[in-house]
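In order, the protein sequences belong to chains A and B. For the first sequence, my numbering gives the first residue as 2, with consecutive numbering after it. For the second sequence, my numbering gives the first residue as 2, with consecutive numbering after it. Beneath this line is the structure, given in structure tokens, with notes to follow.
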Amino acid sequence: MLDQKQHVNLPQGSIEKATTTLNLGPTHPATHGVFQNILEIDGERIVSAESTVGYIHRAFEKIAERRPYYQITPLTDRLNYCSSPINNMGWHLTVEKLLGIEIPKRVDYMRVIIMELARIADHLICNSVMGVDTGALTGFVYLMTYRELIYEIYEEICGSRLTTNIGRVGGFERNFTPAVWTKLDRFLEEYPKALKEFETLLTRNRIFIERTQGVGGIDAKRAMSYGFTGPNLRAAGVDYDVRVATPYCSYQDFDFTVPVGTTGDCYDRYLVRNAEMWESLSIIRQALVKLKDLPDDVYHANVPEFYLPLKEDVYTKMEALIYHFKIVMGETDIVPGEIYSAVEGANGELGFYLISDGGRSPYRLHFRRPCFIYYQAYAELVEGAMISDAIICMSSLNLIAGELDA
Amino acid sequence: MSLTNERIQQRLTEKFGDVVTGFEEPYGMLTFTAQRDSNLKVMQFLFDDEELRFQFLTDITAVHYPERKEEELAVIYHLHNFVDNVRIRLKVFAPVAAPKVYTATSLFLSANWMERETYDFFGIDFVGHPNLKRILNVDEMTYFPMRKEFPLEDSMRVDKDDEMFGRGGNI
Chain A
2 MLDQKQHVNL
12 PQGSIEKATT
22 TLNLGPTHPA
32 THGVFQNILE
42 IDGERIVSAE
52 STVGYIHRAF
62 EKIAERRPYY
72 QITPLTDRLN
82 YCSSPINNMG
92 WHLTVEKLLG
102 IEIPKRVDYM
112 RVIIMELARI
122 ADHLICNSVM
132 GVDTGALTGF
142 VYLMTYRELI
152 YEIYEEICGS
162 RLTTNIGRVG
172 GFERNFTPAV
182 WTKLDRFLEE
192 YPKALKEFET
202 LLTRNRIFIE
212 RTQGVGGIDA
222 KRAMSYGFTG
232 PNLRAAGVDY
242 DVRVATPYCS
252 YQDFDFTVPV
262 GTTGDCYDRY
272 LVRNAEMWES
282 LSIIRQALVK
292 LKDLPDDVYH
302 ANVPEFYLPL
312 KEDVYTKMEA
322 LIYHFKIVMG
332 ETDIVPGEIY
342 SAVEGANGEL
352 GFYLISDGGR
362 SPYRLHFRRP
372 CFIYYQAYAE
382 LVEGAMISDA
392 IICMSSLNLI
402 AGELDA
Chain B
2 MSLTNERIQQ
12 RLTEKFGDVV
22 TGFEEPYGML
32 TFTAQRDSNL
42 KVMQFLFDDE
52 ELRFQFLTDI
62 TAVHYPERKE
72 EELAVIYHLH
82 NFVDNVRIRL
92 KVFAPVAAPK
102 VYTATSLFLS
112 ANWMERETYD
122 FFGIDFVGHP
132 NLKRILNVDE
142 MTYFPMRKEF
152 PLEDSMRVDK
162 DDEMFGRGGN
172 I
């Protein structure tokens with residue numbers, strides 16, 4: 002005879018309990034990443050939720066304390082991997098600000114183009130995945146073609162697609178090839194049509210509106226208290242954008258609007274992201290016009306201590322050889338200092354808090370990761386909602402597991 | 002009308018006197034230190050005051066300085082005033098033996114996870130925190146990995162001379 006107790010080991014109080022415990026994640030196909038939420042559900046309604054994070058924590062802050070500065074760039078790739086170029090640029094800008102490097106305008110504009118492409122890539126994934134979660138796969142297929150085109154542009158510039166490691170402290174590793182400009186032109190011509198089509202599919206779609214409107218809403222005051230930034234805060238009606246508040250990388254030269262929502266629900270977040278994609282396209286066009294007036298052979302600042310020299314110079318010139326050796330061996334000392342520098346990441350304010358003690362690697366580097374901070378509101382946003390609403394709410398917040406867990 | 006760093010410093014010293022010290026402006030951001038038991042009072046004042054209005058908590062983190070005796074751990078708050086678009090940095094130092102600092106969760110909902118993260122990596126004990134437990138590391142961990150006494154690489158490695166790679170061998 003089997004002892005029944007041995008095989009059925011229920012936690013205490015589970016028989017009397019009126020609600021059901023459901024593990025949503027950590028590896029659920031609908032969560033788009035490693036997220037675990039322990040939901041208490043009553044039927045299909047969520048009574049309470051508890052988020053568990055840290056499944057893909059990789060200790061980047063600790064690793065960064067042992068690496069020369071240029072080797073930290075690949076770590077930042079792996080934060081928000083849907084828009085790695087923004088993270089890379091954010092890190093370069095932090096170091097440049099610490100060192101007081103003056104960046105040529107052309108480099109700034111090239112960076113702006115890359116960052117806005119990354120923002121479009123990030124937003125289009127987020128919005129089209131919202132469509133997928135509400136049952137409309139078509140829009141996703143329309144837009145994914147253009148993410149592919151953006152990735153091809155990255156590939157032309159730096160050789161990789163997802164984790165880009167794009168640019169260097171001081172600029173880019175090489176000038177943009179003609180293929181970059183051709184592909185960019187193609188993107189600017191074709192993407193607006195696809196985006197328009199995508200908007201026609203979803204924005205006034207009755208099913209989509211009913212699934213998203215009034216779901217996961219948050220008011221401005223609470224969103225601020227929860228540390229929301231980026232599109233999610235703007236959807237709640239606060240027009241805070243780092244690009245406007247503390248312009249970096251010559252964003253002050255561009256003319257664009259900051260779209261805001263009112264209710265902060267999933268539908269508003271969707272609208273804000275769509276509007277931002279149009280603004281990004283306009284910024285890229287403006288940058289292309291501005292670039293026409295600038296000499297086309299400048300692609301980095303004059304910082305030999307931080308910028309790898311050309312290979313033919315390394316073999317023929319002594320200074321170039323010395324700098325090459327110093328940079329590759331990580332022997333460049335960085336000035337002591339303490340700095341907080343932020344960029345407008347695709348999902349919020351991405352900040353770098355850097356303390357240098359004059360050594361070759363940071364004394365302390367902290368990433369302010371936007372989705373780590375606003376994910377704590379998730380439990381509150383989905384309380385009282387249905388399970389299917391919880392899924393949409395998660396995709397509309399644009400949570401990226403890599404950034405969340407650092 | 003824009004809020005200047007001088008004005009913030011003046012308001013803080015008027016209100017708190019010796020409690021707030023060490024004013025400096027690295028790269029334009031006003032940075033100062035508050036006494037350990039008054040971090041919450043200072044933040045409350047910065048939050049409520051009609052002129053200062055620092056109502057957005059950008060970030061909480063900590064730094065470990067093993068050579069500073071009795072104030073080995075620094076808790077660092079970045080606050081932001083959205084109206085005047087000013088950022089400030091508030092530091093609180095705590096001894097590593099008993100790193101007790103008051104929690105900011107009553108002021109900012111976002112402080113909850115940020116403080117959990119800081120506890121997780123540095124062992125700062127945020128007094129009054131509703132749910133102070135590890136967040137990114139496993140619950141069974143018994144140490145605080147971001148402290149400087151934990152070297153990143155195996156110190157017994159002999160194939161690599163640390164003098165040649167980054168910082169000297171002692172960190």
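Positions of the beta carbon are idealized from the N, C-alpha and C atoms, including for glycine.
Cβ-Cβ distance between residue i and residue j below 8 angstroms
i: A99 of chain B; j: E72 of chain B; result: no
i: F145 of chain B; j: G124 of chain B; result: yes
i: L163 of chain A; j: S85 of chain A; result: yes
i: I285 of chain A; j: I114 of chain A; result: yes
i: S226 of chain A; j: S111 of chain B; result: yes
i: T165 of chain A; j: N81 of chain A; result: no
i: K92 of chain B; j: T14 of chain B; result: no
i: R365 of chain A; j: E51 of chain A; result: no
i: V261 of chain A; j: R244 of chain A; result: no
i: T21 of chain A; j: I39 of chain A; result: no
i: L125 of chain A; j: S342 of chain A; result: no
i: V216 of chain A; j: A386 of chain A; result: yes
Short CB-CB distance (under 8 angstroms) between residue i and chain A
i: V64 of chain B; result: yes
i: R54 of chain B; result: no
i: R69 of chain B; result: no
i: T59 of chain B; result: yes
i: N86 of chain B; result: yes
i: L47 of chain B; result: no
i: L153 of chain B; result: yes
i: R90 of chain B; result: yes
i: P96 of chain B; result: no
Chain B contact for residue i (CB, 8 angstroms cutoff)
i: K327 of chain A; result: no
i: I335 of chain A; result: no
i: Y354 of chain A; result: yes
i: Q377 of chain A; result: yes
i: M2 of chain A; result: With a pLDDT of only 48 at M2 of chain A, under the threshold of 50, the placement of this residue in the model should not be trusted; the figure read from the coordinates follows. No, because no Cβ of chain B sits closer than 8 angstroms to the Cβ of M2 of chain A.
i: H93 of chain A; result: no
i: R175 of chain A; result: no
i: F257 of chain A; result: no
i: D297 of chain A; result: no
i: I210 of chain A; result: no
i: G218 of chain A; result: no
i: F373 of chain A; result: yes
i: A246 of chain A; result: yes
Residue i CB to nearest heavy atom of the ligand ADP below 7 angstroms
i: S15 of chain A; result: Judged by which ligands are present, the structure shown has none, so any question about the ligand ADP falls away.
Coil, strand or helix - residue i by DSSP
i: L3 of chain A; result: Unreliable positioning characterises L3 of chain A in this predicted model, as indicated by a pLDDT of 48, which lies under 50. The coordinate reading is nonetheless provided below. Coil, per DSSP.
i: E404 of chain A; result: helix
i: R59 of chain A; result: coil
i: L289 of chain A; result: helix
i: Y28 of chain B; result: helix
i: N171 of chain B; result: For N171 of chain B, the pLDDT reaches just 48, beneath the cut-off of 50, and the residue's location in the model is therefore unreliable, although a value from the coordinates is still provided. Of the three classes helix, strand and coil, the one that applies to N171 of chain B here is coil, per DSSP.
i: T62 of chain B; result: strand
i: K92 of chain B; result: strand
i: R69 of chain B; result: coil
i: F57 of chain B; result: strand
i: L76 of chain A; result: helix
i: S85 of chain A; result: helix
i: L366 of chain A; result: strand
i: S283 of chain A; result: helix
i: R112 of chain A; result: helix
i: L4 of chain B; result: coil
i: V259 of chain A; result: coil
i: E117 of chain A; result: helix
Contact set between residue i and chain D, taken where Cβ atoms lie within less than 7 angstroms
i: Y241 of chain A; result: Going by chain labels, chain D is absent from the structure shown, which instead holds the protein chains A and B.
Check your understanding: Unbroken alpha helix (DSSP H) runs of length 4 or more, entirely within the region 371–398 of chain A: which are they?
Key -> 371–375, 379–383, 388–397
**Study point:** Any alpha helix (DSSP H) of 4 or more consecutive residues that is wholly inside the region 169–250 of chain A
**Key:** 179–203, 207–213, 221–226, 231–236, 243–246
Practice item. Closer than 8 angstroms, Cβ to Cβ, to anything on chain B: give me those residues from the region 220–235 of chain A, in chain order. Key: R223, M225, S226, Y227, G228
Exercise for review: Taking only beta carbons into account, state which residues of the region 67–87 of chain A come closer than 8 angstroms to chain B, listed in chain order.
Suggested key: R67, R68, P69
Practice item. Could you name the residues of the region 129–153 of chain A whose beta carbon sits closer than 7 angstroms to any beta carbon of chain B, in the order they occur along the chain? Key: none
Practice item. Check each residue of the region 122–149 of chain B: if its Cβ is closer than 9 angstroms to any Cβ of chain A, include it; give the result in chain order. Key: F122, R135, I136, L137, N138, V139, P146, M147, K149
Check your understanding: For the region 14–43 of chain B, which residues have a CB atom closer than 8 angstroms to at least one CB atom of chain A, in sequence order?
Key -> P27, Y28, M30, T32
Review point. In the region 100–118 of chain B, which residues sit with their C-beta less than 7 angstroms from some C-beta in chain A, listed in chain order?
Key: F109, L110, S111, N113, W114, M115
Exercise for review: Entirely within the region 300–362 of chain A and at least 3 residues each: give me those beta strand (DSSP E) ranges in chain order.
Suggested key: 338–346, 349–357
Point to revise | Within 7 angstroms of chain B by C-beta, residues of the region 18–41 of chain A in sequence order | key: none
Practice item. Below 9 angstroms between beta carbons is the criterion; list the residues of the region 274–302 of chain A that meet it against any residue of chain B, in chain order. Key: none
**Study point:** Interface positions of the region 45–62 of chain A facing chain B (Cβ-Cβ less than 8 angstroms), listed along the chain
**Key:** V54, G55, H58, A60, E62
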